[in-house]
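Visitor: Chains as they are written, first to last, in my numbering: chain A, 1 to 179; chain B, 1001 to 1179.
Protein chains: 2
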Amino acid sequence: MKFCSQCGAPVALRTPDGDTLRRHVCTSCGIIHYQNPTMIVGCIPEWEGRVLLCRRAIEPRRGLWTVPAGFMENGETTFNGARRETLEEANARVEIDSLYALYNIPHINQVYLLFRARLLDLDFSPGEETLEIRLLDETDIPWEHIAFATVRNTLTHYFEDRRRGTFPFHMGTIEPVKP
Amino acid sequence: MKFCSQCGAPVALRTPDGDTLRRHVCTSCGIIHYQNPTMIVGCIPEWEGRVLLCRRAIEPRRGLWTVPAGFMENGETTFNGARRETLEEANARVEIDSLYALYNIPHINQVYLLFRARLLDLDFSPGEETLEIRLLDETDIPWEHIAFATVRNTLTHYFEDRRRGTFPFHMGTIEPVKP
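#1: Please list, in chain order, the chain A residues whose beta carbon lies closer than 7 Å to that of residue 1074/B.
#2: Checking contacts by CB at 9 Å: is residue 80/A closer than that to chain B?
#3: With distances taken between CB atoms, is the gap from residue 60/A to residue 89/A smaller than 9 Å?
#4: Looking at the unbroken beta strand (DSSP E) that takes in residue 1161/B, where does it start and where does it end?
#5: Just to confirm, are residue 1170/B and residue 1101/B a CB contact at a threshold of 9 Å?
#6: Classify residue 1037/B as helix, strand or coil using the three-state DSSP reduction.
#7: Which residue comes first and which comes last in the alpha helix (DSSP H) that contains residue 88/A?
#8: Residues of chain B with a CB under 9 Å from the CB of residue 99/A: which are they?
#9: Using a Cβ-Cβ cut-off of 8 Å (strictly less than) and excluding sequence neighbours within five positions of residue 1168/B, which residues of its own chain qualify?
#10: So residue 1081/B and residue 1041/B are supposed to be a Cβ contact under 8 Å. How far apart are they, rounded?
#11: Short of 8 Å in beta carbon distance, which residues of its chain neighbour residue 1125/B, apart from the five on each side in sequence? Order them along the chain.
#12: Can you give me the C-alpha to C-alpha distance between residue 165/A and residue 155/A, rounded to a whole angstrom?
#13: To the nearest angstrom, report how far apart residue 1141/B and residue 1149/B are at their CA atoms.
#14: Starting from residue 1171/B, trace the beta strand (DSSP E) in both directions and tell me its first and last residue.
#15: For chain A, check one thing: does any of its Cβ atoms lie closer than 9 Å to the Cβ of residue 1124/B?
#16: Can you tell me where the beta strand (DSSP E) with residue 1051/B in it begins and where it stops?
#17: Please check if any C-beta of chain A sits within less than 9 Å of the C-beta of residue 1129/B.
#18: With H, G and I counted as helix, E and B as strand and the rest as coil, what does DSSP make of residue 97/A?
#19: At a cut of 8 Å, does the region 49-59 of chain A reach the region 103-110 of chain A through at least three beta carbon pairs?
#20: Bridge partners of residue 46/A, per DSSP?
#21: Closest Cβ-Cβ distance between residue 113/A and chain B: below 9 Å?
#22: Are the CB atoms of residue 6/A and residue 109/A nearer to each other than 9 Å?
#23: Check whether the Cβ atoms of residue 1043/B and residue 1115/B lie closer than 9 Å to each other.
#24: Starting from residue 1018/B, trace the beta strand (DSSP E) both ways and give me its first and last residue.
#25: Using beta carbons (cut-off 9 Å, strictly below), is residue 1028/B in contact with chain A?
#26: Starting from the beta carbon of residue 1007/B, find every residue of chain A whose beta carbon is closer than 8 Å, and list them in chain order.
#27: Quick check: is the beta carbon of residue 1148/B nearer than 9 Å to any beta carbon in chain A?
#28: Taking the straight line between their C-alpha atoms, what separation do you get for residue 1038/B and residue 79/A?
#29: Would you say residue 144/A faces chain B, with C-beta separation under 9 Å as the test?
#30: CB residue 1046/B to CB residue 1070/B, shorter than 9 Å?
#31: Tell me, please, whether the CB atom of residue 1021/B is closer than 9 Å to any CB atom in chain A?
Now the structure itself:
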């Protein structure tokens, strides 16, 4: 951030009175521009034991597999965001069930919220950001080609939990990959 | 948002190619400025059956009672954010336990994440944003003077769950108050 989005003047990094962190503060109108983490909302759509995965048509991780998920929008709830992303990426309708996983990714200022979900019918097709969609049994999951650690961890827990017959909530933190 | 935070030129509301929503797009450099919901993270600090509440020294809802909670910062996890807010607002140290409640507040683009927590000692005092702190039994909770619906709902569930001896995760949506 270089300029104030309210008045167009340059911003400077300063610690406002009563604050403990440096913020982008406008040098003209004085407004403080806070920057906060964003939420990625998505779901694990299930149909008769199989899970719907999407192969990404966009960067990052183009060509790799993920569950339907994306940035939560203003004006929606977490679960409606997960439903919308599933419709956009897979043209698929789901009934959202319980919150299943929360992953913190502090080094990129993101929080993932993934819900369990029931696919309502088999009428699905790739959206604009998707190359290909498959309904996969556990044995067919392309573990070496999953786009994100959050999704790999969530799917691992999911199949373990299903064998145990219980789906407790999972929370974790993703650390940066060491070079 | 009126000006581009990258180059200072005016922004316009447009629907970018491949998008479905109108965004603030820079009329000069073309960058798209997405706006997304923010997270409020906090906890319910407990000590021998009593709960720590803070009376707010700042707007909104100055003078009313809340649990320690505030905007999640970039670079932190949800639970570390809850711990930091408790330190800032109450100078209190807690051990964060499980995620207890998620509230969607779509009309103000917020998501509340509240954790159960164990107060580690009785050395607490009001922070800059707090007028007064109390450790309260259920019978002493000032139900008519709670600052936010999220906090009132969470405390109601909390004491009900404690009587039942189990603390399941709660999720809800706060609607705008009708005039």
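Where is the CB? At the ideal position from N, CA and C, for every residue including glycine. If you're wondering where the values come from, they're calculated on a predicted model, not measured in any experiment.
Guide: From the atom records:
#1: 35, 36, 37, 109
#2: yes
#3: no
#4: No beta strand (DSSP E) holds residue 1161/B; the alpha helix (DSSP H) holding it covers 1149-1164.
#5: yes
#6: coil
#7: 78-90
#8: 1099, 1102, 1169, 1171
#9: 1161
#10: 4 Å
#11: 1090, 1091, 1133
#12: 15 Å
#13: 14 Å
#14: 1170-1173
#15: no
#16: 1050-1056
#17: yes
#18: strand
#19: no
#20: 51/A, 118/A
#21: yes
#22: no
#23: yes
#24: Careful: residue 1018/B lies outside any beta strand (DSSP E) and carries neither H nor E.
#25: no
#26: 2, 3
#27: no
#28: 15 Å
#29: no
#30: no
#31: yes
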